[in-house]
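Scroll down for the structure; my scribbles are underneath it.
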Amino acid sequence: MHAYANPTRFLAIAKPLTPWLLGVGLLFVLAGAWAGLTQVPGDYKQGETARILYVHVPAAWLGMGGWTSLALAGLVQLVWRHPLSGIAARAIAVPGMLFTALCLATGSIWGKPTWGTWWEWDGRMTSMLVLLFLYAGFIALSNGEDGQRQAGSLSRGAAIYALVGAINIPIINRSVVWWNSLHQGPSITLRGSSIDNALLWPLGLTLLGFSLLFGAIVLMRMRRIIADNRVAARLRRLADDEGAMA
Numbered sequence: 006m007h008a009y010a011n012p013t014r015f016l017a018i019a020k021p022l023t024p025w026l027l028g029v030g031l032l033f034v035l036a037g038a039w040a041g042l043t044q045v046p047g048d049y050k051q052g053e054t055a056r057i058l059y060v061h062v063p064a065a066w067l068g069m070g071g072w073t074s075l076a077l078a079g080l081v082q083l084v085w086r087h088p089l090s091g092i093a094a095r096a097i098a099v100p101g102m103l104f105t106a107l108c109l110a111t112g113s114i115w116g117k118p119t120w121g122t123w124w125e126w127d128g129r130m131t132s133m134l135v136l137l138f139l140y141a142g143f144i145a146l147s148n149g150e151d152g153q154r155q156a157g158s159l160s161r162g163a164a165i166y167a168l169v170g171a172i173n174i175p176i177i178n179r180s181v182v183w184w185n186s187l188h189q190g191p192s193i194t195l196r197g198s199s200i201d202n203a204l205l206w207p208l209g210l211t212l213l214g215f216s217l218l219f220g221a222i223v224l225m226r227m228r229r230i231i232a233d234n235r236v237a238a239r240l241r242r243l244a245d246d247e248g249a250m251a
C-alpha cells in the first residue's frame, strides 16, 4: 500500500486507468439499461415499475459501499498516516452522497405506485436518509479549516467521524429484518436471490457498470485534489521566496 504513497506513482496508474473505467462502465450501464427495459418481462406483482431496480439497487449499493470505503480510508489515515488516504476519503464523499440521494429518489418513485406513498418513515428509508446526512456532515467537516490546512489529508475529527458513521451501514443492511417495513426483505444474500433469474441478469450489468463509473469519478476527483495541492504548494513556495527577497 505504501508503494503508492507517492502521488506521482499513483497518478502514473490513475491517469490511464480512469478513461478505461469510465468507458467500460458506461457501456455496461447502457447495456444493462437496454436489457432491463427491453429484454426482460415486467415483474408479476409490480409490473413495469419494478424496472427501476436496475438503477435503485446499484445506487443503494454504492451509497453504502462508498461510506464503507470512506471509513476504511479514515482508519488508514488514523493508523498509518498514508498520504493518499485523506485524499481518497474526500474524493469518495461527493459521489457517495450523490448515489445515496439517487437511491432515495428512485426509491420514492418506486414507492408511490407500489405503496401508495412517496415516503414512509420505516427503518430502511430512514437509515438511508441518515446516511445522506452523514455524507453531508463529512463533506462539511473535511472541508473545514483544519482539513484544508493539511493539504488534502483528513483531520483527526473527520477520520473518527467516518469510522463512527460506519455504524449506520449494518443498520441499513439489517433494517428490513429487525423492523416491520413496507420495504421488501433482502433480495440478494449469500444464500441466493429472491429475484427471478429472468429479471436478475441485467442487474449484474448495471451494478458492475455503475461501480466502474464510481471508481472513475473517485480517481478523477483524487487527481484533481492532488493537482490543487500541488498548485497550492507552488504558490506557497513563491510567496515564501518573495518574502525572503523582501
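For the working numbering, count along the sequence shown from 1 and bump the result up by 5.
Quick reminder that beta carbons are idealized off the backbone N, C-alpha and C, glycines included.
If you're wondering where the values come from, they're calculated on a predicted model, not measured in any experiment.
Grab me the residues of residue i's own chain with a C-beta within less than 6 Å of its C-beta, minus the 5 sequence neighbours each way, in chain order.
i	result
methionine 102	Tyr140
tryptophan 123	Ser113 and Lys117
alanine 36	Leu210
serine 216	none
DSSP beta-bridge partners for residue i?
i	result
aspartate 48	Gly52
Can you give the beta carbon distance from residue i to residue j, rounded, assuming they're within the 8 Å contact cut?
i	j	result
serine 98	isoleucine 144	In the sequence on display, residue 98 carries alanine and not serine. Going by Cβ atoms, the distance from alanine 98 to isoleucine 144 rounds to 5 Å, so yes, they are a contact pair.
arginine 228	alanine 78	Rounded, the Cβ-Cβ distance is 16 Å, inconsistent with contact.
glycine 214	phenylalanine 15	No, glycine 214 and phenylalanine 15 are not in contact; Cβ-Cβ is about 24 Å, not under 8 Å.
serine 147	arginine 95	6 Å
glycine 41	proline 207	4 Å
serine 160	glycine 149	7 Å
threonine 54	tryptophan 120	At roughly 11 Å, the Cβ-Cβ gap does not stay under 8 Å, so threonine 54 and tryptophan 120 are not in contact.
Skipping 5 residues on each side, what residues in its chain have a beta carbon closer than 7 Å to that of residue i?
i	result
threonine 105	Gly68, Met133, Leu136, Leu137 and Tyr140
isoleucine 111	A quick correction: the sequence has threonine, not isoleucine, at residue 111. Counting only Cβ-Cβ distances below 7 Å, and skipping sequence neighbours, we find Ile57, Val60, His61 and Ala64.
isoleucine 92	Gly157, Met227, Ile230 and Ile231
alanine 164	Gly79, Gln82 and Leu83
isoleucine 2	A question about residue 2 goes unanswered here, because the residues of the chain that appear run from 6 up to 251.
valine 45	Ala203, Leu204 and Pro207
alanine 38	Tyr59 and Thr211
leucine 22	Leu224
By Cβ distance, which residues of its chain are closer than 8 Å to residue i, with the 5 residues on each side in sequence left out?
i	result
proline 100	Leu67, Gly71, Phe219, Ile222, Val223 and Arg226
tryptophan 184	Asp127 and Gly128
Please classify residue i as buried or exposed, where buried requires at least 16 neighbouring CB atoms within 10 angstroms.
i	result
alanine 76	buried
proline 24	exposed
alanine 167	buried
proline 12	buried
leucine 212	buried
arginine 154	Because arginine 154 carries a pLDDT of 49, less than 50, the predicted location of this residue cannot be relied on, and no value is offered for it.
alanine 17	exposed
Checklist entry - Three or more beta-carbon pairs under 8 Å between the segment 177 to 184 and the segment 19 to 30, yes or no? => result no
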